[in-house]
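One structure below.
Residue numbers (this note's numbering), protein chains in the order written: chain A, -3 to 210; chain B, 817 to 1049.
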């Protein structure tokens, strides 16, 4: 039996039409939701970033708007997958106070670890916080301040405390405690913190003088 | 086909045809997020919302969709609902959204949803489909919650930790600590703990079910015996 091409064509056309109709309606619904939630989501993201920034650089030591005073720069040794890093700058009466590096350690135990490294003008670390990670619950996730105080071991540290060669976890002959049952996670964080610190010490002026990209 | 009663639908969703314990569907998110009670609750609610939405929509359009087009259209409906729920959670439950992360968009791949759309909602009216979506969703959520509580208590020694992510700062103190300075039992938190926990739950359900059946059978034989004895003169 020969297939009636006209009937076939008609069927295909109808199927195409109804699929297209559903696609349009579905996309419209998603688009409306997106528009309705867009500003709330952006605000949420800003608030949760600001919260972390303010923990590292409290309001009483700076008077500028941390969130909008930032630069995006390309630093091959700090970039993650060729994305430029963002540095937030804290100032008091227009004098630089501290810089907060938003960087990503690529070599966590289960993927990248997003973190904030805050460094004061005297080249000592104000603090480090992990923003997001996928490390093993119960082991590597102790890098999260909600889980343990481990991440605070970086506070007040600098390139002379300990000396540069000692900026490793203890297992690798360095100064920093690893976590019980997890060495790779702290190693990744120590490495990234050290790199940020090295960059800041070398390019301090540049970090604060570059034009704001708002 | 006779319209199923609400009572039967509810019993099916929770027990006789529970999506997890019987149909063994949607295990990937189940195993991944049940490390605490609150995570389980978040994913359960999100899944239930998607199930209700997709069931109702599929039921509404069931007479206007050609037989051969129904799967692509169902998938489209489900994907849209998941995206909407994802955006809404990102906006209104931001912290929880950050924790559940990838598992929200992955609700799309939860077979419970397409299974209910295909096997129930495409054959029943809107009201029954709504009830089916709700009870199947709650059935799924209840298993998530039991497993989440088990793993949290054994793994961390707490219950309802991080409740503030869902209900706001005021609920931070909801956390119950069962054992002070508990060093944690890692196995329960890691994926193998989820498998073992789920295995135990399924076994428990089977034990209860077998007991019920033997009791029923006994009652039946007892009833038959008495009938026979009364029948004989």
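A virtual CB, placed ideally from N, CA and C, is assigned to each residue, including glycine.
beta-carbon residue i near the ligand GTP non-hydrogen atom, thresh 7 Å
i, result
"residue 145 of chain A", "Within the structure as shown, the ligand GTP is missing, as the structure has no ligands at all."
Within chain A, partners of residue i - CB distance below 8 Å
i, result
"residue 900 of chain B", "25, 26, 29"
Residue-level contact to chain A via CB, residue i, 8 Å cutoff
i, result
"residue 1024 of chain B", "no"
"residue 906 of chain B", "yes"
"residue 817 of chain B", "Model confidence at residue 817 of chain B stands at a pLDDT of 43, short of 50, so the residue's coordinates are unreliable; what they give is reported in the following sentence. With 8 Å as the cut-off, residue 817 of chain B does not count as an interface residue toward chain A."
"residue 851 of chain B", "yes"
"residue 1005 of chain B", "yes"
"residue 973 of chain B", "no"
"residue 939 of chain B", "no"
"residue 1029 of chain B", "no"
"residue 1013 of chain B", "no"
"residue 1021 of chain B", "no"
Beta carbon proximity, residue i to chain B, threshold 8 Å
i, result
"residue 205 of chain A", "no"
"residue 200 of chain A", "no"
"residue 135 of chain A", "yes"
"residue 0 of chain A", "no"
Closer than 7 Å at the beta carbon, the chain B residues around residue i
i, result
"residue 18 of chain A", "889, 892"
Closest Cα partner of residue i within the set the options
i, options, result
"residue 184 of chain A", "A:141, A:154, A:200, A:111", "A:111"
"residue 944 of chain B", "B:883, B:876, B:900", "B:876"
"residue 843 of chain B", "B:854, B:925, B:868, B:893", "B:925"
"residue 983 of chain B", "B:831, B:895, B:908", "B:908"
"residue 119 of chain A", "A:50, A:7, A:95", "A:95"
"residue 997 of chain B", "B:971, B:1005, B:1015, B:1008", "B:971"
"residue 56 of chain A", "A:174, A:187, A:145, A:93", "A:93"
"residue 201 of chain A", "A:85, A:74, A:12", "A:85"
"residue 1075 of chain B", "B:1028, B:919, B:837", "The structure shown does not extend to residue 1075 of chain B, since chain B is modelled only from 817 through 1049, so no value can be given for it."
"residue 870 of chain B", "B:914, B:1009, B:896, B:999", "B:896"
"residue 933 of chain B", "B:911, B:1020, B:866, B:820", "B:866"
"residue 1000 of chain B", "A:171, A:145, A:134", "A:134"
"residue 831 of chain B", "B:1007, B:1017, B:1030", "B:1017"
"residue 958 of chain B", "B:973, B:836, B:1036", "B:836"
"residue 159 of chain A", "A:190, A:61, A:145", "A:190"
Integer-rounded CB distance, given that residue j should sit under 8 Å from residue i
i, j, result
"residue 968 of chain B", "residue 975 of chain B", "6 Å"
"residue 52 of chain A", "residue 125 of chain A", "6 Å"
"residue 153 of chain A", "residue 121 of chain A", "5 Å"
"residue 955 of chain B", "residue 834 of chain B", "5 Å"
"residue 129 of chain A", "residue 170 of chain A", "Wrong, their Cβ atoms sit about 21 Å apart, outside the cutoff."
"residue 30 of chain A", "residue 903 of chain B", "6 Å"
Cβ-Cβ distance between residue i and residue j below 8 Å
i, j, result
"residue 905 of chain B", "residue 829 of chain B", "no"
"residue 113 of chain A", "residue 64 of chain A", "no"
"residue 878 of chain B", "residue 935 of chain B", "no"
"residue 138 of chain A", "residue 175 of chain A", "yes"
"residue 26 of chain A", "residue 873 of chain B", "no"
"residue 59 of chain A", "residue 88 of chain A", "yes"
"residue 81 of chain A", "residue 106 of chain A", "no"
"residue 1010 of chain B", "residue 863 of chain B", "no"
"residue 991 of chain B", "residue 1004 of chain B", "no"
"residue 868 of chain B", "residue 994 of chain B", "no"
"residue 1039 of chain B", "residue 960 of chain B", "no"
"residue 769 of chain B", "residue 890 of chain B", "Here chain B covers residues 817 to 1049 and nothing more, so residue 769 of chain B does not appear."
"residue 108 of chain A", "residue 188 of chain A", "no"
"residue 62 of chain A", "residue 49 of chain A", "yes"
Under 7 Å by beta carbon: chain A residues contacting residue i
i, result
"residue 885 of chain B", "11, 14, 15"
"residue 910 of chain B", "40, 44"
"residue 1000 of chain B", "134"
Interface residues of chain B facing residue i [CB-CB closer than 8 Å]
i, result
"residue 232 of chain A", "One cannot answer for residue 232 of chain A here, as it falls past the ends of chain A, which runs -3 to 210."
"residue 22 of chain A", "892, 893, 895, 896"
Contacts of residue i in chain A (Cβ-Cβ under 9 Å)
i, result
"residue 903 of chain B", "26, 29, 30, 32, 33, 34, 37"
"residue 914 of chain B", "44, 128"
"residue 882 of chain B", "7, 10, 11, 14"
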